[in-house]
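J.:
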Amino acid sequence: MKQLLEEAKLLQEQIVADRRYLHQIPEVGMDLPESAAYIEKRLAEMGIESHRCGVMEESVRQKYIKMGFPDMRASTGVVATIGSGSPCIMLRADFDALPMEEINDLPFCSKRNASHMCGHDTHAAMLLGAAKLLKDHESELKGTVKLMFQPGEEMGYGSKTMIDDGLLENPKVDAAMAIHIFSTTPVGQVTYCSGVASSSLDTFAIHIQGKGGHSSTPDLCVDPIMIANQIYTALNMLMTREVSPQAVATLSGGVMRSGTAVNIIPDTADLQVGLRTYNVEARKHVLERLPEIVDAYAKAWHGEYEITMFNCPCTFTDETTTKELLESVAEMVGEKNIQAMPPMAGTEDFSYVAEQVPSTFLVLGAGGPEQYPHHNPRMVLDESVFYQGAAIHANCAIEWLNKHSK
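Heads up: the sequence shown is residues 1044 to 1449, going by our numbering.
1) Closest to Phe1138 by C-alpha separation, out of Ser1287, Tyr1395 and Phe1192, would be which residue?
2) Apply the 10 Å Cβ neighbour rule to Ile1457 and answer buried if 16 or more other Cβ atoms are within range, or exposed otherwise.
3) Closest by CA to Met1387, which one among Arg1104, Pro1142 and Ala1240?
4) Nearest to Arg1135 by CA position, among Asp1179, Ala1271 and Leu1170, is which residue?
5) Going by CA-CA distance only, name the one from Lys1215, Val1216, Asp1217 and Tyr1235 that's closest to His1223.
6) Using a Cβ distance threshold of 8 angstroms, determine whether the region 1172–1183 contacts the region 1124–1134, with at least three qualifying pairs required.
7) Taking all protein chains shown into account, decide if Asp1392 is buried (16 or more other Cβ within 10 angstroms of its Cβ) or exposed.
8) Measure the C-alpha to C-alpha separation of Ala1373 and Pro1130 and round it to an integer number of angstroms.
9) How far does the alpha helix (DSSP H) with Val1323 in it extend, from its first residue to its last?
10) How many Å lie between Met1375 and Ala1312 at the Cα?
11) In whole angstroms, give me the CA-to-CA distance for Gly1238 and Ile1132.
12) Which same chain residues, not among the five before or five after Ala1079, have their C-beta less than 6 angstroms away from its C-beta?
13) Once the 5 residues before and after Met1384 are set aside, which same chain residues still bring their CB inside 6 angstroms of it?
14) Any idea what DSSP makes of Val1265, helix, strand or coil?
15) Please list the terminal residues of the continuous alpha helix (DSSP H) segment that includes Thr1363.
16) Could you give the distance in angstroms between the alpha-carbon of Val1230 and the alpha-carbon of Leu1314?
17) I believe Cys1355 touches Gly1195 by the beta-carbon criterion, under 8 angstroms. Please report the beta-carbon distance rounded to the nearest angstrom.
18) Given a cut-off of 8 angstroms on the beta-carbon distance, is the pair Pro1416 and Thr1227 in contact?
19) Beta-carbon within less than 7 angstroms of Lys1342's beta-carbon, same chain only, minus the 5 sequence neighbours each way: which residues are those?
20) Which partner residues does Asp1245 have in the DSSP bridge list?
21) On the DSSP bridge assignment, give the partners of Lys1254 in chain order.
22) For Gly1201, I'd like the list of residues in its chain whose CB is within less than 8 angstroms of its CB, leaving aside the five on either flank, ordered along the chain.
23) Assuming Ala1409 contacts Val1428 (C-beta within less than 8 angstroms), just tell me the rounded distance between them.
24) Quick check: the region 1206–1225 against the region 1323–1338, are there 3 or more CB pairs under 8 angstroms?
25) Select from Leu1244, Ser1258 and Lys1379 the residue whose C-alpha is nearest the C-alpha of Leu1318.
26) Identify, in the order they occur along the chain, each residue of the same chain with its Cβ nearer than 8 angstroms to the Cβ of Gly1297, setting aside the five sequence neighbours on each side.
Structure, rendered in structure tokens:
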């Protein structure tokens, strides 16, 4: 399918244009109306019908509000299909941004208090390029390709909202793949990981209710800051004394919020911590012990508490599916540009798809000259590789359908 790569090269200008447009309208969270509308418009221009997919359950919405996120009443996923019948392979691209300003001198730099410093604008643009290639070859497809444009990956739950809304049915998805662009991987290099591809992430928002008062009478108060500090110290002791160092598990505090003035013992404190690990047993142990520790320390000092929890599992890639798809990747980038990688320390909510469908997760290198990492306000991608991402998506889908059609 070398011809497919040549066709993708002809789409490079449009892929870059799509990416730059999305780059300038970054939206955060589950509800991304402008970005979703643009994706739908571009698909319609190709003659591809699409529909919204994503359900935001009220309990989930309330959890996010408690954790300090803006109210999200909708999940604006977009789904489209090309071809017909079975089997069906799904290609996924996320398109949500980060709540941070961009610090770059680019003509298409974000001017909002949000930015695509994780490259999700590129993921969507590459999948739009793949959609064009697949539509042009629709008569040759031996099955169906489902396109998944996903919000809320940075929330660790966007893919779940789409699965809950029937994403994996009608037609039933038999395999899936995702590509993540990386600013610190050499241009044109593709990396993969069989088995565990990314860590799990369990986020805990711990609200401590104390009893506020004047700082001159601490004996008449219940100090929520002291309780929060002791809980955080105890949780780190849990990680070093009850979890094996070989388990590769980390627990980090990202939020500690309380108080307004030095002479006021506050009424409440909020602590948010995140657990990441590749180890299923270590994760299970911490998930059991953390509520026990919070309960013990809060009650020891006469406080009350509430725990709000979000869980995103590890991404497990299927060995057989990965091996098959890498053969198609090699046709686009050459075998010498494919390398195995250790699991990512970061978390991917593609894990919810991979739990239910044989899947693979690939990284495409687009390292810029400075190679700032993702989630850095100066992160820049080398745009020259974008057409390869589109070609990889399309070729993998076509070849997988050829191998698995009845």
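We treat Cβ as the ideally placed atom computed from N, Cα and C, and that holds for glycine.
T.: Let's see:
1) Residue 1138 sits at position 95 when you count from the first residue of the sequence shown. The shortest C-alpha separation from Phe1138 is found at Phe1192.
2) With the chain covering only 1044 through 1449, there is no way to say anything about residue 1457.
3) Residue numbering aside, residue 1387 sits at position 344 when the sequence shown is read from its first letter. Selected option, being the one with the closest Cα: Ala1240.
4) Within the sequence shown, residue 1135 is the residue found at index 92, counting from 1. Closest option to Arg1135, Cα to Cα, is Leu1170.
5) Within the sequence shown, numbered from 1, the residue matching residue 1223 stands at position 180. Taking only the C-alpha atoms, the option nearest His1223 is Tyr1235.
6) yes
7) Counted from its first residue, the sequence shown places residue 1392 at position 349. Burial call: buried.
8) Counting from one through the sequence shown, the residue named residue 1373 turns up at place 330. Counting from one through the sequence shown, the residue named residue 1130 turns up at place 87. Answer to the nearest angstrom: the Cα atoms are 23 angstroms apart.
9) By one-based count along the sequence shown, residue 1323 stands at place 280. First-last of the alpha helix (DSSP H) with Val1323: Val1323 to Ala1343.
10) Position 332 of the sequence shown, counting from 1, holds the residue named residue 1375. Position 269 of the sequence shown, counting from 1, holds the residue named residue 1312. Distance between the alpha carbons of Met1375 and Ala1312 is about 53 angstroms.
11) Taking the sequence shown and counting its residues from 1, one reaches residue 1238 at position 195. Taking the sequence shown and counting its residues from 1, one reaches residue 1132 at position 89. Using only the alpha carbons, I get a separation of about 19 angstroms.
12) As a first step, residue 1079 must be located in the sequence shown, where it is residue number 36. Counting only Cβ-Cβ distances below 6 angstroms, and skipping sequence neighbours, we find Thr1119 and Val1121.
13) The count along the sequence shown starts at 1 and reaches residue 1384 at position 341. Correct list, in chain order: Thr1234 and Cys1236.
14) Taking the first residue of the sequence shown as position 1, residue 1265 is located at position 222. Residue state, collapsed to three classes: strand.
15) Counted from its first residue, the sequence shown places residue 1363 at position 320. First-last of the alpha helix (DSSP H) with Thr1363: Glu1362 to Val1376.
16) Your numbering for residue 1230 matches position 187 in the sequence shown. Your numbering for residue 1314 matches position 271 in the sequence shown. Going by the C-alpha atoms only, they are around 40 angstroms apart.
17) Along the sequence shown, one-based indexing puts residue 1355 at 312. Along the sequence shown, one-based indexing puts residue 1195 at 152. Incorrect: roughly 11 angstroms between the Cβ atoms, too far for contact.
18) Within the sequence shown, numbered from 1, the residue matching residue 1416 stands at position 373. Within the sequence shown, numbered from 1, the residue matching residue 1227 stands at position 184. Cβ distance < 8 angstroms, so Pro1416 and Thr1227 count as in contact.
19) Within the sequence shown, numbered from 1, the residue matching residue 1342 stands at position 299. Nothing listed; no residue qualifies.
20) Working through the sequence shown from its first residue, we reach residue 1245 at position 202. Paired residue(s): Leu1318 and Asn1354.
21) The residue you call residue 1254 lines up with position 211 of the sequence shown. Beta-bridge pairing links Lys1254 to Val1265.
22) The count along the sequence shown starts at 1 and reaches residue 1201 at position 158. The answer, listed in chain order, is Met1073, Gly1097, Ser1118, Gly1120, Asp1137, Asp1139, Gln1193, Pro1194, Gly1195 and Asp1392.
23) Walking along the sequence shown from the start, residue 1409 turns up at place 366. Walking along the sequence shown from the start, residue 1428 turns up at place 385. Contact holds; Cβ gap of about 5 angstroms.
24) no
25) On the sequence shown, position 275 is the one that residue 1318 refers to. Nearest C-alpha to Leu1318: Leu1244.
26) In the sequence shown, the residue the question calls residue 1297 occupies position 254. The residues are Gln1315, Val1316 and Gly1317.
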